[in-house]
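Counting from 2, one number per residue, gives the positions in the sequence shown under the numbering used here.
Accompanying notes for the structure given below.
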Amino acid sequence: QVQLVESGGGLVQPGGSLRLSCVASGRIPFAVSMGWYRQAPGNQREWVATITRGGITNYKDSVKGRFTISRDNAKNQVFLQMNSLKPEDTGVYYCNKVPTPDYWDWGQGTQVTVSS
2 QVQLVESGGG LVQPGGSLRL SCVASGRIPF AVSMGWYRQA PGNQREWVAT
52 ITRGGITNYK DSVKGRFTIS RDNAKNQVFL QMNSLKPEDT GVYYCNKVPT
102 PDYWDWGQGT QVTVSS
């Protein structure tokens with residue numbers, strides 16, 4: 002079983018930045034691709050970005066050019082640098098693997114609120 006712990010969220014004004022972190026512990030497959038997901042109030046959880054073990058990245062169109070996903074394989078950590086934040090980026094952010102076809106159990110997530 003894998004445990005996921007996200008951190009780094011907070012309240013930020015539009016145009017601001019945050020850096021989210023995720024630590025995965027447990028039996029982690031060597032070649033697993035990781036992703037960030039978010040859930041806004043009243044909405045379903047949605048995909049934001051993914052990164053392969055080798056560092057190939059992919060982003061939801063609405064965050065391209067503003068968000069950067071990265072990882073530290075040695076420490077089983079995944080990061081999401083978020084710049085130029087907008088109110089529509091508000092939500093609870095989660096990390097998890099790319100589904101194969103299932104996800105690991107979700108962590109508690111970290112709240113990101115973009116508001117003036």
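Cβ atoms here follow ideal geometry from the backbone N, Cα and C, with glycine treated the same way.
Nothing here was measured: the structure is a model prediction, and the numbers come from that model.
- When beta bridges are read from the DSSP output, Lys98 appears opposite Met35.
- DSSP, read as helix, strand or coil, puts Asn77 in coil.
- Membership of Ile52 in the beta strand (DSSP E) is indicated by the continuous run 47 to 52.
- DSSP, reduced to helix, strand and coil, places Ser71 within a strand of the structure shown.
- Membership of Ser117 in any beta strand (DSSP E) is not indicated, and neither H nor E is assigned to it by DSSP.
- Looking at the DSSP output, Val64 sits in no beta bridge, so it has no partner there.
- The beta-carbon distance between Gly9 and Thr114, rounded to whole angstroms, is 13 Å. This is too long to meet the 8 Å contact definition.
- Contact between Arg39 and Tyr104 does not hold, since the beta-carbon distance rounds to 14 Å and is not under 8 Å.
- Here Lys65 is exposed. Its C-beta has fewer than 16 other C-beta atoms within 10 Å.
- Annotated as distal: Asn59 and Gly92, with beta-carbon spacing of 9 Å or more.
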